[in-house]
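Student: Have a look at this one before I ask anything.
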Amino acid sequence: MCVLGMFLGTKSIFGNHVSYLLAFAIPPCTLSVIAMFPIPETPKFLFIVKGDKEAAAKSIKFFQGQYADVDSVLEEIAKEAEDDAETSSLKEIFFTPYLRKAVMLGCFTLQNTVPLWSILLSSTHFLKQINLDDSVAEWSSTAMALTYTIGTLLGAVCIERFGRRIMLISFCFLNAMSLIVYCVLYGIHTFAAWAKYGCLACFLLYGFTYGCGVGPIAWFLSSELVPQRHRSMVQAICYAINTIVVVITTFTILLYTTPLTPTRLFRFI
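Laid out in structure tokens, this is it:
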């Protein structure tokens, strides 16, 4: 849906008609809301919070099928509830070494996701700065989102086969290299006409490598490093820090890179 939205948002379609673009989203959003009405509450909520075992059993059959082993699922939910009896706290997380380390690793990993938003939003501006055709530059964000989607589909298969660690390290390296090569090509585009197409290729490669390894792994890694009862709190901390950094970088990159120079862009990246 994001790719479709970016496609429709180009100037040649609905880019100059924001009202049409927003109206296009109404039908799928309406259908999504209608489709949610027959969906019951989750088994955990019904069993733990409401204490309604019968409703929880119906919910399990709805989500897992009529032949689901209801008793074993309810037993697992009850056991998980016992493990989560002690609530997590910020004090415990920041004063417990292994929990603090998990937060740091989660933040460091999510830091690799920060450039995506600035590039998606400003890739057209960057490519126009290197004299790429306006039409090509405008379609670059859509093409980048498409390569990101393709990478995500491939990553879902590759992660289980090759493991998270090797995938994360490899694709984070490729992510960084694609941005570094972009800076180099930007620096030589004034006397090498082909360099502008290399810059476009770097953005496409960035989108693919992000979708294939960086994004899918980084967003849930922190939850796998801590016990169940700390997962929500640790993820919330990591996401909050990441969101702050994303907002700062996304809204300052155009100011920081205007006029755009290789040195400024490299420092920002």
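Letter by letter, the sequence shown follows residues 403 to 671 of the numbering used here.
Cβ atoms here follow ideal geometry from the backbone N, Cα and C, with glycine treated the same way.
Are the CB atoms of S572 and S543 nearer to each other than 8 Å?
Tutor: Contact: no.
Student: Judging by CA-CA distance, which residue of V516, F464, G508 and F447 is the nearest neighbour of E482?
Tutor: Ranking the options by Cα distance to E482, first place goes to F447.
Student: Measure the alpha-carbon distance for L476 versus A558 and round it to whole angstroms.
Tutor: Near 29 Å, if we compare the C-alpha coordinates of A558 and L476.
Student: If we ignore side chains and look at the alpha-carbon of each, how far apart do V586 and Q513 end up?
Tutor: C-alpha separation (whole angstroms): 22 Å.
Student: State buried or exposed for A480, treating a residue as buried only when at least 16 other CB atoms are found within 10 Å of its CB.
Tutor: So A480 counts as exposed.
Student: Just list the alpha helix (DSSP H) runs in the region 419-450, keeping only unbroken ones of 4 residues or longer that don't cross its boundaries, in chain order.
Tutor: Here the runs fully enclosed are 420-426 and 428-438.
Student: Does DSSP put L623 in a helix, a strand or coil?
Tutor: Correct three-state label for L623: helix.
Student: With respect to the alpha helix (DSSP H) encompassing C574, which residues constitute its N-terminal and C-terminal limits?
Tutor: Segment R566 to I590, the alpha helix (DSSP H) holding C574.
Student: So, for T652: in the same chain, excluding its five sequence neighbours on each side, which residues have a beta-carbon less than 8 Å away from its beta-carbon?
Tutor: Closer than 8 Å at the Cβ level, and outside the excluded window around T652, lie W519, S520 and L523.
Student: Specify the secondary structure class of A504 as computed by DSSP and reduced to three states.
Tutor: Of the three classes helix, strand and coil, the one that applies to A504 here is helix, per DSSP.
Student: Cα-Cα, which of F564, I561, Y608 and C560 is closest to A578?
Tutor: A578 has its Cα closest to that of Y608, out of F564, I561, Y608 and C560.
Student: Is L534 helix, strand or coil by DSSP?
Tutor: In this structure, L534 counts as coil in the three-state DSSP scheme.
Student: Would you kindly work out how many angstroms separate the C-alpha atoms of Y584 and V648, rounded to a whole number?
Tutor: When rounded, the distance between both Cα atoms is 21 Å.
Student: Rounded to the nearest angstrom, what separates S474 and L627 at their Cα positions?
Tutor: Looking at the two C-alpha atoms, the distance is approximately 26 Å.
Student: For L555, which option in Y612, S624 and I639 has the closest C-alpha, if you only look at C-alpha atoms?
Tutor: Nearest of Y612, S624 and I639 to L555, Cα basis: Y612.
Student: Alpha carbon to alpha carbon, how far is I415 from A595? Give it in angstroms, no decimals.
Tutor: A595 and I415: Cα-Cα distance of roughly 29 Å.
Student: My guess is that S580 and C560 are in contact by the Cβ rule of under 8 Å, so how many angstroms apart are they, rounded?
Tutor: S580 to C560, Cβ: 18 Å. No contact.
Student: When the Cα atoms are used, what is the spatial distance from C574 to V505?
Tutor: Spanning the two alpha carbons is a distance of roughly 19 Å.
Student: Could you check the C-alpha separation between F426 and F497 for me, to the nearest Å?
Tutor: Going from the Cα of F426 to the Cα of F497 covers about 49 Å.
Student: Could you tell me which of S491, L529 and G565 sits nearest to C601, measuring between CA atoms?
Tutor: Closest by alpha carbon: L529.
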